[in-house]
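Undergrad: By numbering that gives the first Met the number 0, the letter at position 32 of the sequence shown is numbered 31, and the numbering carries on one by one without gaps. Every residue, glycine too, gets a C-beta built ideally from N, C-alpha and C. Bear in mind that the values here come from a model prediction, so they are computed numbers and not experimental data.
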Amino acid sequence: MFVKTNRKWLTSVGIDIGSSTSHIVFSKLLLEKDPASSTEKFMITERKIIHSGPIHLTPFSDPDTVDLEKLTAILAADYESAGINTGDIDTGAVIITGETAKKHNAETIVEEIAGEAGAFVAATAGPNFESVLAAHGSGAISRSEAIEGTVMNIDIGGGSSNIAVCRNGRVIDTAAINVGGRLVATDSAGVITRLEDIGKELGKHLGIELELSKRISEEKKMAMADELADTLFDCLTGKLQKPLTKDFLMTEPLDITTGIEEVTFSGGVAEYIYDIHDKTYNDLGAHLGNAIKERIPQLKGKFTRPAQTIRATVIGAGQASLEVSGSSTFLSADIEYPIRNLPIVVPHIPSGRPTEKEIAAAIRDSLARFDIVEGEQQVALAFNGTVKPSYDHLTTFSKGVVSALEKTVEKHDPILMVFSNDVGNSVGNVMRRETGIENQILSIDEISVQEGDFIDIGEPVIENAVVPVIIKKLVFA
0 MFVKTNRKWL TSVGIDIGSS TSHIVFSKLL LEKDPASSTE KFMITERKII
50 HSGPIHLTPF SDPDTVDLEK LTAILAADYE SAGINTGDID TGAVIITGET
100 AKKHNAETIV EEIAGEAGAF VAATAGPNFE SVLAAHGSGA ISRSEAIEGT
150 VMNIDIGGGS SNIAVCRNGR VIDTAAINVG GRLVATDSAG VITRLEDIGK
200 ELGKHLGIEL ELSKRISEEK KMAMADELAD TLFDCLTGKL QKPLTKDFLM
250 TEPLDITTGI EEVTFSGGVA EYIYDIHDKT YNDLGAHLGN AIKERIPQLK
300 GKFTRPAQTI RATVIGAGQA SLEVSGSSTF LSADIEYPIR NLPIVVPHIP
350 SGRPTEKEIA AAIRDSLARF DIVEGEQQVA LAFNGTVKPS YDHLTTFSKG
400 VVSALEKTVE KHDPILMVFS NDVGNSVGNV MRRETGIENQ ILSIDEISVQ
450 EGDFIDIGEP VIENAVVPVI IKKLVFA
């Protein structure tokens, strides 16, 4: 399939709904055909920010509920001040982060905001995914590539610290821990107005009684910040000796804590670590930033400042979440886009020359691993390098897929497939020709995914062949 277009600009939005603050960034992304690619693969070759919105305190209607009406109004005003309409947006992502992802209406919030933000804006949540976005947005990934070494970035917000270890331009390890600057917040008189469960647990550990509408002294806030900093550094150094560390970890601990050449901090608390500003929000943020500064010598790597601090995650959401398919896709003409929140299922196809029955059995087994009843929900079947381009193999493969998706075929639901190698169009054509099914077929290629991922697929952006894809996580509690 020959694609005449060589380059195209897309407008992207990133929205970060955090425990402390929410903000928006608009970017331009340049898609260009890779001249070294024999398959006419498009790459994102340039990213530039065209508008950064102000930092807003995330509105809550009560301690467990994000105020959707107020948040929507805030973001609408940001669109207006940027001079951008939702119809101008080609892609992007909304991420709900830290403790906010645990609020009872978190999933509703992120889906609603994503639906209003543009035609193809993904809803995302998940601590490891947040770590990766912050590493992109802070510049840690590009820095590791520039120094041909290893950079650790720690993004500290209101409810969590998200850690990424980057080596030679790739994220090789991530972790997240409930260390943040807004686990406890007060009014100007020191009366507690916000208290997260993790904040309560921290207070109990320190013998500090915490209760909404009760006062807390600055000395006690400092004691809490010191304990949080100790817990964070216990995680960063891999010691895992503090009593709170394992309780506060939101993910598996870091595997890689040595050989770090540079260390950077991003997120709201980083504004205090680097003395960018001294404005306080009557929470633990400033104390935590100071406590972290005192402990920097515990880290082996060189302490440096990243390209972006407080806006790292939102920039990552707007600029690093997008991938594009190869040019040799098969897309039925009447498919409705966007297709959202598709769980990825990876069948383990036997090597060599698997039979139709073996392929069908592998697909059924993969669905069973996730307790998915075939035909009851949309999934994307992903095949990483397992499909050979010979016609005989494609025929056997196509018949195996159709055999495994019996109910899907009967209901005339779409068959959705993702391939890592350049076979998308071939599979679609052979499946249509050799099986006789009338279902819609979406068969995209040159996209690598893994089980546990979700994907969103947007309408074609280049010549009805190249589709935008956002690979994401959805972890809310």
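1) Would you check if the segment 253-267 and the segment 227-237 touch, i.e. whether three or more CB-CB distances between them fall below 8 Å?
2) Is the separation between the beta-carbon of R294 and that of A228 shorter than 8 Å?
3) M416 lies in the beta strand (DSSP E); which residues open and close that run?
4) Name the two residues that bound the continuous beta strand (DSSP E) containing E31.
5) Considering Cα atoms alone, identify which of G206, I95, E200 is closest to K471.
6) Please name the residue or residues paired with C165 in a DSSP beta bridge.
7) Taking the runs of the beta strand (DSSP E) that are 3 residues or longer, which of them lie wholly in the segment 84-111?
8) Which residue wins for smallest C-alpha separation from P346, given the options T354, L366, E335?
9) Quick check on G125: does DSSP put it in helix, strand or coil?
10) Give me the residue from T38, G117, S36, G82 with the minimum Cα distance to G13.
11) Output yes or no for whether 8 Å exceeds the beta carbon distance between V344 and F369.
12) Counting only runs that start and end within the segment 167-239, where is the beta strand (DSSP E) found for 3 or more residues in a row?
13) Near E458, what residues of its chain come up, given a Cβ to Cβ distance below 6 Å and the 5 sequence neighbours on each side ignored?
14) Label D452 either buried or exposed according to how many other C-beta atoms from any shown protein chain fall within 10 Å of its C-beta, with 16 as the threshold for buried.
15) When you compare only the Cα positions, how much space is there between I338 and H204?
16) Just the C-alpha distance for G267 and Q297, rounded to the nearest angstrom, thanks.
17) Report yes if the CB atom of D444 is closer than 8 Å to the CB atom of F119, and no otherwise.
18) Terminal residues of the continuous beta strand (DSSP E) containing V12?
19) If we ignore side chains and look at the alpha-carbon of each, how far apart do V429 and G423 end up?
20) Quick check on H55: does DSSP put it in helix, strand or coil?
21) Please state whether the Cβ-Cβ distance between A175 and N161 is less than 8 Å.
22) Since H55 contacts T20 with CB under 8 Å, what's their CB separation in whole angstroms?
23) When you compare only the Cα positions, how much space is there between E462 and V2?
24) Note down the Cα distance separating A35 from F232, rounded to an integer number of angstroms.
25) So K398 is in the beta strand (DSSP E); what residue range does that whole segment cover?
26) Among all the DSSP beta bridges, which residues are the ones paired with E270?
27) Assuming P305 and S130 make a contact with CB atoms under 8 Å, what is their CB distance in whole Å?
28) In terms of alpha-carbon separation, which member of L243, T244, A122 lies closest to L473?
29) Where in the segment 432-474 do unbroken runs of the beta strand (DSSP E), each at least 3 residues long, occur, reported from the N-terminal end onward?
30) Check whether the segment 410-423 and the segment 351-366 are in contact - that is, three or more C-beta pairs closer than 8 Å.
31) What residue does the beta strand (DSSP E) around I343 start on, and which one ends it?
32) I want to know whether the segment 382-394 touches the segment 345-361 - three or more CB-CB distances under 8 Å.
33) Quick one: what's D282 bridged to in DSSP?
34) What are the boundary residues of the beta strand (DSSP E) that S265 is part of?
35) Touch check for the segment 211-219 and the segment 306-315: three-plus C-beta pairs under 8 Å?
36) Write down the C-beta distance between I436 and V408 rounded to the nearest angstrom, noting that I regard them as a contact closer than 8 Å.
TA: A quick look at the data gives this:
1) yes
2) If you number the sequence shown from 1, residue 294 lands on position 295. If you number the sequence shown from 1, residue 228 lands on position 229. Yes, the Cβ-Cβ distance between R294 and A228 is below 8 Å.
3) On the sequence shown, residue 416 is found 417 positions in, with the first residue counted as 1. Start and end: 414-418.
4) Here residue 31 corresponds to residue number 32 of the sequence shown, with the count starting at 1. Residues 20-32.
5) Within the sequence shown, the letter at position 472 stands for residue 471. Nearest of G206, I95, E200 to K471, Cα basis: I95.
6) The sequence position of residue 165 within the sequence shown is 166, counting from 1. Looking at the DSSP assignment, C165 forms a beta bridge with V150, V170.
7) 90-95
8) In the sequence shown, counting from the first residue as 1, residue 346 sits at position 347. Answer by Cα proximity: L366.
9) In the sequence shown, the residue the question calls residue 125 occupies position 126. Note: G125 maps to coil in three-state DSSP.
10) Reading the sequence shown from its first residue, position 14 is the one you call residue 13. Nearest of T38, G117, S36, G82 to G13, Cα basis: G117.
11) Residue 344 sits at position 345 when you count from the first residue of the sequence shown. Residue 369 sits at position 370 when you count from the first residue of the sequence shown. Yes, Cβ-Cβ distance for V344 and F369 is below 8 Å.
12) 169-176, 183-185, 191-194
13) In the sequence shown, counting from the first residue as 1, residue 458 sits at position 459. Cβ within range, chain order: Y336.
14) As a working mapping, residue 452 is identified with position 453 in the sequence shown. Result: buried.
15) To locate residue 338, count along the sequence shown from 1; it is residue 339. To locate residue 204, count along the sequence shown from 1; it is residue 205. Going by the C-alpha atoms only, they are around 46 Å apart.
16) Position 268 of the sequence shown, counting from 1, holds the residue named residue 267. Position 298 of the sequence shown, counting from 1, holds the residue named residue 297. Distance between the alpha carbons of G267 and Q297: 22 Å.
17) Sequence index remark: in the sequence shown, residue 444 carries index 445 (1-based). Sequence index remark: in the sequence shown, residue 119 carries index 120 (1-based). The answer is no: Cβ separation not under 8 Å.
18) Within the sequence shown, numbered from 1, the residue matching residue 12 stands at position 13. 6-16 is the span of the beta strand (DSSP E), which, as asked, contains V12.
19) Stepping through the sequence shown from its first residue, residue 429 is reached at position 430. Stepping through the sequence shown from its first residue, residue 423 is reached at position 424. Whole-angstrom Cα-Cα distance: 10 Å.
20) Reading the sequence shown from its first residue, position 56 is the one you call residue 55. H55 falls in the strand class under three-state DSSP.
21) Against the sequence shown, residue 175 aligns to sequence position 176. Against the sequence shown, residue 161 aligns to sequence position 162. Yes, the pair counts as a contact, with Cβ atoms nearer than the cut-off.
22) To locate residue 55, count along the sequence shown from 1; it is residue 56. To locate residue 20, count along the sequence shown from 1; it is residue 21. Their Cβ separation, rounded to whole angstroms, is 6 Å, which keeps H55 and T20 in contact under 8 Å.
23) On the sequence shown, residue 462 is found 463 positions in, with the first residue counted as 1. On the sequence shown, residue 2 is found 3 positions in, with the first residue counted as 1. Between E462 and V2, the C-alpha separation is close to 7 Å.
24) Against the sequence shown, residue 35 aligns to sequence position 36. Against the sequence shown, residue 232 aligns to sequence position 233. Looking at the two C-alpha atoms, the distance is approximately 44 Å.
25) Walking along the sequence shown from the start, residue 398 turns up at place 399. First-last for K398: 390-403, but that is the alpha helix (DSSP H), not the beta strand (DSSP E).
26) Looking up residue 270 in the sequence shown gives position 271. DSSP lists no partner for E270.
27) Residue 305 sits at position 306 when you count from the first residue of the sequence shown. Residue 130 sits at position 131 when you count from the first residue of the sequence shown. In fact, because the Cβ distance is near 14 Å, the residues do not count as touching under 8 Å.
28) The residue labelled residue 473 in the question sits at position 474 within the sequence shown. The shortest Cα separation from L473 among L243, T244, A122 belongs to A122.
29) 440-443, 453-456, 467-471
30) no
31) Taking the first residue of the sequence shown as 1, we reach residue 343 at position 344. First-last of the beta strand (DSSP E) with I343: 338-344.
32) yes
33) The residue given as residue 282 occupies position 283 in the sequence shown. Looking at the DSSP assignment, D282 forms a beta bridge with A184.
34) Working through the sequence shown from its first residue, we reach residue 265 at position 266. First-last of the beta strand (DSSP E) with S265: 261-265.
35) no
36) By 1-based counting over the sequence shown, the position of residue 436 is 437. By 1-based counting over the sequence shown, the position of residue 408 is 409. That belief holds up - the Cβ atoms of I436 and V408 are roughly 6 Å apart, short of 8 Å.
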